[in-house]
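Novice: Right, I'll just put the structure down here and ask away after.
Number of protein chains: 6
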Amino acid sequence: MMDVGSKPATRRRAVARAHVAMPEHVRERIADGTLPKGDVLAAARIAGIMAAKHTPDIVPLCHPLPLTMVEVTPELSDGGVAIVAAAETTAQTGVEMEALTAAVAAALTVYDMTKGLDPAISIRAAELVEKSGGKSGHWRRAEA
Amino acid sequence: MMDVGSKPATRRRAVARAHVAMPEHVRERIADGTLPKGDVLAAARIAGIMAAKHTPDIVPLCHPLPLTMVEVTPELSDGGVAIVAAAETTAQTGVEMEALTAAVAAALTVYDMTKGLDPAISIRAAELVEKSGGKSGHWRRAEA
Amino acid sequence: MMDVGSKPATRRRAVARAHVAMPEHVRERIADGTLPKGDVLAAARIAGIMAAKHTPDIVPLCHPLPLTMVEVTPELSDGGVAIVAAAETTAQTGVEMEALTAAVAAALTVYDMTKGLDPAISIRAAELVEKSGGKSGHWRRAEA
Amino acid sequence: MMDVGSKPATRRRAVARAHVAMPEHVRERIADGTLPKGDVLAAARIAGIMAAKHTPDIVPLCHPLPLTMVEVTPELSDGGVAIVAAAETTAQTGVEMEALTAAVAAALTVYDMTKGLDPAISIRAAELVEKSGGKSGHWRRAEA
Amino acid sequence: MMDVGSKPATRRRAVARAHVAMPEHVRERIADGTLPKGDVLAAARIAGIMAAKHTPDIVPLCHPLPLTMVEVTPELSDGGVAIVAAAETTAQTGVEMEALTAAVAAALTVYDMTKGLDPAISIRAAELVEKSGGKSGHWRRAEA
Amino acid sequence: MMDVGSKPATRRRAVARAHVAMPEHVRERIADGTLPKGDVLAAARIAGIMAAKHTPDIVPLCHPLPLTMVEVTPELSDGGVAIVAAAETTAQTGVEMEALTAAVAAALTVYDMTKGLDPAISIRAAELVEKSGGKSGHWRRAEA
């Protein structure tokens, strides 16, 4: 775990996203709320928030950070479920991994609750969208 | 958490994969072993194995399972790092989520150890490849 | 942790309940879905299910058990939110603590999401309702 | 998880209590130290302290906090075991949930170690007693 | 994590020990129960039992096992505190790591609660004493 | 958990070590990289870093700390594997337990990956080497 002890604590924010691609008939079941495992989007939101707090347990070299905000928004989108996760802290290192872990855990939860209908459902493009705070300043993913 | 108490315990296996897409110069640093955070593939392997065991903590509706085998293989591939994760158990429900969680945690670890070089590195196509055991029998992803 | 190695593995079930007592104006906000922290009953359900799996981490002498079912049902009731939690396993010892831990964690979650409106909200009567399986057979709480 | 990033870090304290109601013959066994699972009050104290640290894993929307003090005091009382738990931090949000989770985990531990004698033992009135620090200032539960 | 899926589930037992060496004046404080952090032996016992259950989280390649018994006995001994930890399961692989992790966690707890008096206190000879069950049969450490 | 709320947050560092004593033929297998469970030193390093973050879950009275650096270095040494673990934070209490827990978890991992060759392999002398920061200032173990 890298030494961040000499860096100043600054306000940090990161936003990540993930997409779960699925056939239309599965997407409709989520929309209708008729899946046997219950409300997919509500479960994915909670799973993402809790996973953000578990990031240092999942990613070996991540520092434990005092998260001041985590927001996970799973929504029906074209072709499946789109998840956006944001995390914030005031710390000596950034929260990219917390945002990304939250997005990915929400995506895993969506898959878990829909895989009975189609195991070929796939998580696509889990990636950082934006980060700010710290020496490297603001970064935003260039859109295609 | 669905009731699986009436299902017979059978031998189960699942294989999942994930891909971390990165620029060639980052891939070379992994190959050369010159990244400041250390050996990426070794760390990703351990992270994946440990995450498989944490699956029920990450995915809300997953059953706790007595895993009998977990194998995570991160390798340099065209355009980045390809991860294959396999999990096995003898249980009343399958290990798809364990294999997928292992693959995804290994991918998060690769991203964590390379993001300093390029935050745009992205996790792509985290998905189940194959599963066997249980009532639904053997399933294999159709290749494009 | 008591030695249960000589006991036969039998099908076990336990049901527990907890009640969160709150003023009517808070209960209405849950019903209306207008609390700033989001959907209380959905979050409490997920929290309860996940906590059931964490029981051996919370209660020192609990055995780790292969839970085959966990169901947590938080509902609006007279005077607040009533939670019923059920857990099942096939194991050498019972799941009373899993059901009770699930009920209590759901209750803590309800409190966390409503305490901003009234810190005096209180958890009442967290207790076992019923258990079956094992040598002691079926037990049901006598109602007043 | 609500955004507390703009709030000042202040010294916070919360005190919670829980009561485990039990028949006199069980209470005597705790007092005599003759229960097969060992020293109930010592185990409940440790369980409560450890659970305070697990609060963000148990309660989905709780922020991780740098606890500076946790004290859990389980004592024999009229009709059972009374638990008082106190938690302190210097942070941007309060420690009510940490104190309450500690009290409840200690109560679950008491139940676990006595339920073999009487499964009808019940956790009653887990609730906040007092909190201080933060914008809302000092609050104390009105006694009946 | 090695594949143990083809091995038969057999009854397994392992016993480990650890020794915490300390000056006589510290040992006396434990005996007198006058340390500011409380009852050392009771806390070490609980810490050891809980750590046994966390073994797969601490030791990367350990399988999750359904422990049927864990017993941790920290006692005052010549020159400090001697810890004996036993673990049992019926599983496809052994519980050596669970017994050893329990012994070591109890030793860490003893050190934590006494280090304020003398930071030079040291954990010595954490090692397996005995194991049985499984293909390799009974093994007992040869005494010097 | 002792009250450290009135202590100033200062920069803290601790270094601990552990030694795993083993026969020469096992040590050679680690050096050759021919053990069936894989690269022992790489796994031990990751295990140690992750365990440092789990210290408050393993040692009951440890405060959760915002670790700013953890470094675990397992190396082949005379008679086995020598592990040095360092931890740093800026906090109101020290990181001795984090450094020691990291060293011990790395040692447990070495044992787990070599015990198949010889169960008599033993962890020796897990102890603090040095600490600095805080009121008690710099301390260094006197060498024999």
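First to last, the sequence lines map onto chains H, U, E, R, X and V.
The opening residue of the first sequence carries number 1 in this note's numbering; numbering runs sequentially from there.
The opening residue of the second sequence carries number 1001 in this note's numbering; numbering runs sequentially from there.
The opening residue of the third sequence carries number 2001 in this note's numbering; numbering runs sequentially from there.
The opening residue of the fourth sequence carries number 3001 in this note's numbering; numbering runs sequentially from there.
The opening residue of the fifth sequence carries number 4001 in this note's numbering; numbering runs sequentially from there.
The opening residue of the sixth sequence carries number 5001 in this note's numbering; numbering runs sequentially from there.
Beta carbons are placed, not taken as given, at the ideal position from N, Cα and C, and that holds for glycine.
Do residue 4084 of chain X and residue 4065 of chain X have their CB atoms nearer than 8 Å?
Specialist: Along the fifth sequence, one-based indexing puts residue 4084 of chain X at 84. Along the fifth sequence, one-based indexing puts residue 4065 of chain X at 65. For residue 4084 of chain X and residue 4065 of chain X, no; Cβs fall outside 8 Å.
Novice: Rounded to whole angstroms, what is the Cα-Cα separation between residue 3051 of chain R and residue 4139 of chain X?
Specialist: One-based indexing of the fourth sequence puts residue 3051 of chain R at position 51. One-based indexing of the fifth sequence puts residue 4139 of chain X at position 139. C-alpha separation (whole angstroms): 37 Å.
Novice: Report the partner residues of residue 4136 of chain X according to the DSSP bridge assignment.
Specialist: Locating residue 4136 of chain X in the fifth sequence gives position 136, counting from the first residue. None, per the DSSP bridge assignment.
Novice: Shortest alpha-carbon distance to residue 11 of chain H belongs to which of H:30, H:128, H:69 and H:97?
Specialist: Numbered from 1 along the first sequence, position 11 holds the residue referred to as residue 11 of chain H. That would be H:69, whose Cα lies nearest to the Cα of residue 11 of chain H.
Novice: Does the CB of residue 3124 of chain R have a neighbour CB from chain E at under 8 Å?
Specialist: As a working mapping, residue 3124 of chain R is identified with position 124 in the fourth sequence. Interface residue, yes.
Novice: So residue 108 of chain H contacts chain V; which residues on that side make the cut at Cβ distance below 8 Å?
Specialist: By 1-based counting over the first sequence, the position of residue 108 of chain H is 108. The contacting residues do not exist; residue 108 of chain H stays about 20 Å from chain V at best.
Novice: Any residues in the region 1038-1062 of chain U with a beta carbon nearer than 8 Å to a beta carbon of chain V? Which ones, in chain order?
Specialist: 1038, 1039, 1042, 1043, 1045, 1046, 1047 and 1050
Novice: Please state if the CB of residue 1015 of chain U and the CB of residue 1099 of chain U are separated by a distance shorter than 8 Å.
Specialist: Reading the second sequence from its first residue, position 99 is the one you call residue 1099 of chain U. Reading the second sequence from its first residue, position 15 is the one you call residue 1015 of chain U. Result yes, Cβ atoms of residue 1099 of chain U and residue 1015 of chain U sit closer than 8 Å.
Novice: Would the region 115-133 of chain H count as touching the region 1035-1055 of chain U if we require 3 or more Cβ pairs under 8 Å?
Specialist: At 8 Å Cβ cutoff, the stretches do not touch.
Novice: I think residue 107 of chain H touches residue 86 of chain H, with their Cβ atoms under 8 Å apart; what is that distance to the nearest whole Å?
Specialist: Numbered from 1 along the first sequence, position 107 holds the residue referred to as residue 107 of chain H. Numbered from 1 along the first sequence, position 86 holds the residue referred to as residue 86 of chain H. That belief does not hold up - the Cβ atoms of residue 107 of chain H and residue 86 of chain H are roughly 15 Å apart, past 8 Å.
Novice: How about residue 2005 of chain E: is its C-beta nearer than 8 Å to some C-beta of chain X?
Specialist: In the third sequence, counting from the first residue as 1, residue 2005 of chain E sits at position 5. For residue 2005 of chain E, the answer is yes, since a Cβ of chain X falls inside 8 Å of its Cβ.
Novice: Roughly how many whole angstroms lie between the Cα atoms of residue 2091 of chain E and residue 2004 of chain E?
Specialist: For the purposes of this step, residue 2091 of chain E is taken as the residue at position 91 of the third sequence. For the purposes of this step, residue 2004 of chain E is taken as the residue at position 4 of the third sequence. Near 9 Å, if we compare the C-alpha coordinates of residue 2004 of chain E and residue 2091 of chain E.
Novice: Name the residues in the region 2083-2099 of chain E whose C-beta lies less than 8 Å from a C-beta of chain R; which are they?
Specialist: 2096 and 2097
Novice: For the beta strand (DSSP E) that contains residue 3019 of chain R, what are its first and last residues?
Specialist: The residue labelled residue 3019 of chain R in the question sits at position 19 within the fourth sequence. Residue 3019 of chain R -> beta strand (DSSP E) spans 3010-3021.
Novice: Our contact map puts residue 4121 of chain X next to residue 4026 of chain X with C-beta atoms below 8 Å; I'd like the distance itself, whole angstroms only.
Specialist: Residue mapping note: residue 4121 of chain X aligns to position 121 of the fifth sequence, counting from 1. Residue mapping note: residue 4026 of chain X aligns to position 26 of the fifth sequence, counting from 1. At roughly 7 Å, the Cβ-Cβ gap stays under 8 Å, so residue 4121 of chain X and residue 4026 of chain X are in contact.
Novice: Taking the beta strand (DSSP E) that residue 2087 of chain E falls in, what are its first and last residues?
Specialist: Here residue 2087 of chain E corresponds to residue number 87 of the third sequence, with the count starting at 1. Run containing residue 2087 of chain E: 2080-2091, per the beta strand (DSSP E) assignment.
Novice: Quick check on residue 3125 of chain R: does DSSP put it in helix, strand or coil?
Specialist: Position 125 of the fourth sequence, counting from 1, holds the residue named residue 3125 of chain R. Residue state, collapsed to three classes: strand.
Novice: Determine, using beta carbons only, whether residue 4066 of chain X comes closer than 8 Å to chain U.
Specialist: Start at 1 with the first residue of the fifth sequence, and residue 4066 of chain X comes out as number 66. Yes - at least one Cβ of chain U is within 8 Å of the one on residue 4066 of chain X.
Novice: By DSSP's criteria, residue 1076 of chain U is part of a beta bridge. Which residues make up the other side?
Specialist: As a first step, residue 1076 of chain U must be located in the second sequence, where it is residue number 76. Paired residue(s): U:1081.
Novice: So which residues of chain E does residue 4001 of chain X contact, with C-beta pairs closer than 9 Å?
Specialist: Counting from one through the fifth sequence, the residue named residue 4001 of chain X turns up at place 1. Chain E residues near residue 4001 of chain X: none, gap ~17 Å exceeds 9 Å.
Novice: Could you check how far apart the C-beta atoms of residue 1072 of chain U and residue 1102 of chain U are, in whole angstroms? I think they sit under 8 Å.
Specialist: Numbered from its first residue, the second sequence carries residue 1072 of chain U at position 72. Numbered from its first residue, the second sequence carries residue 1102 of chain U at position 102. Rounded, the Cβ-Cβ distance is 5 Å, consistent with contact.
Novice: By Cβ distance below 7 Å, which residues in the same chain neighbour residue 3047 of chain R in space, the five residues on each side in sequence not counted?
Specialist: To locate residue 3047 of chain R, count along the fourth sequence from 1; it is residue 47. So the qualifying residues of the chain are 3105, 3106 and 3109.
Novice: Assuming residue 4108 of chain X is part of the alpha helix (DSSP H), what are its boundary residues?
Specialist: As a working note, residue 4108 of chain X is residue 108 in the fifth sequence. Note, residue 4108 of chain X: alpha helix (DSSP H), 4096-4114.
Novice: Nearest to residue 6 of chain H by alpha carbon, out of V:5076, V:5053 and V:5089?
Specialist: Taking the first sequence and counting its residues from 1, one reaches residue 6 of chain H at position 6. Comparing Cα-Cα distances from residue 6 of chain H to each of V:5076, V:5053 and V:5089, the minimum goes to V:5089.
Novice: Determine the chain E residues that contact residue 4070 of chain X at a beta-carbon separation under 7 Å, and present them in chain order.
Specialist: Counting from one through the fifth sequence, the residue named residue 4070 of chain X turns up at place 70. Neighbours of residue 4070 of chain X on chain E, chain order: 2001.
Novice: Taking all protein chains shown into account, do 16 or more other C-beta atoms lie within 10 angstroms of the C-beta of residue 4093 of chain X, making it buried, or fewer, making it exposed?
Specialist: The sequence position of residue 4093 of chain X within the fifth sequence is 93, counting from 1. Buried, since its Cβ has 16 or more Cβ neighbours within 10 Å.
Novice: If I follow the unbroken alpha helix (DSSP H) through residue 3037 of chain R, where does it start and stop?
Specialist: Position 37 of the fourth sequence holds residue 3037 of chain R. Taken as a continuous stretch (DSSP letters only), residue 3037 of chain R belongs to no alpha helix (DSSP H), as it is neither H nor E.
Novice: Could you list which residues in chain R have their beta carbon closer than 7 Å to that of residue 2115 of chain E, in chain order?
Specialist: By one-based count along the third sequence, residue 2115 of chain E stands at place 115. Within chain R, the residues near residue 2115 of chain E are 3096.
Novice: Counting only Cβ pairs nearer than 7 Å, list the residues of chain X close to residue 5128 of chain V.
Specialist: Locating residue 5128 of chain V in the sixth sequence gives position 128, counting from the first residue. Per Cβ cutoff of 7 Å: 4119.
Novice: Between which two residues does the alpha helix (DSSP H) containing residue 1028 of chain U stretch?
Specialist: By one-based count along the second sequence, residue 1028 of chain U stands at place 28. Per DSSP, residue 1028 of chain U belongs to the alpha helix (DSSP H) from 1024-1032.
Novice: Take residue 3033 of chain R as the anchor and find which of R:3114, R:3135, R:3137 and R:3142 has the nearest alpha-carbon.
Specialist: Numbered from its first residue, the fourth sequence carries residue 3033 of chain R at position 33. For the residues R:3114, R:3135, R:3137 and R:3142, the minimum Cα distance to residue 3033 of chain R belongs to R:3114.
Novice: CA-CA distance, residue 3076 of chain R and residue 2143 of chain E?
Specialist: Mapped onto the fourth sequence, residue 3076 of chain R falls at position 76. Mapped onto the third sequence, residue 2143 of chain E falls at position 143. Using only the alpha carbons, I get a separation of about 26 Å.
Novice: May I have the straight-line CA-CA distance separating residue 3022 of chain R from residue 3029 of chain R, to the nearest angstrom?
Specialist: Indexing the fourth sequence from 1 puts residue 3022 of chain R at position 22. Indexing the fourth sequence from 1 puts residue 3029 of chain R at position 29. For residue 3022 of chain R and residue 3029 of chain R, the distance between alpha carbons rounds to 11 Å.
Novice: Does any residue of chain U bring its CB to less than 8 Å from the CB of residue 12 of chain H?
Specialist: By one-based count along the first sequence, residue 12 of chain H stands at place 12. Chain U, which has no Cβ nearer than 8 Å to the Cβ of residue 12 of chain H, makes this no.
Novice: Enumerate in chain order the residues of its own chain whose CB-to-CB distance from residue 3008 of chain R is below 8 Å, with the five nearest sequence positions on each side excluded.
Specialist: The residue you call residue 3008 of chain R lines up with position 8 of the fourth sequence. 3092, listed in sequence order.
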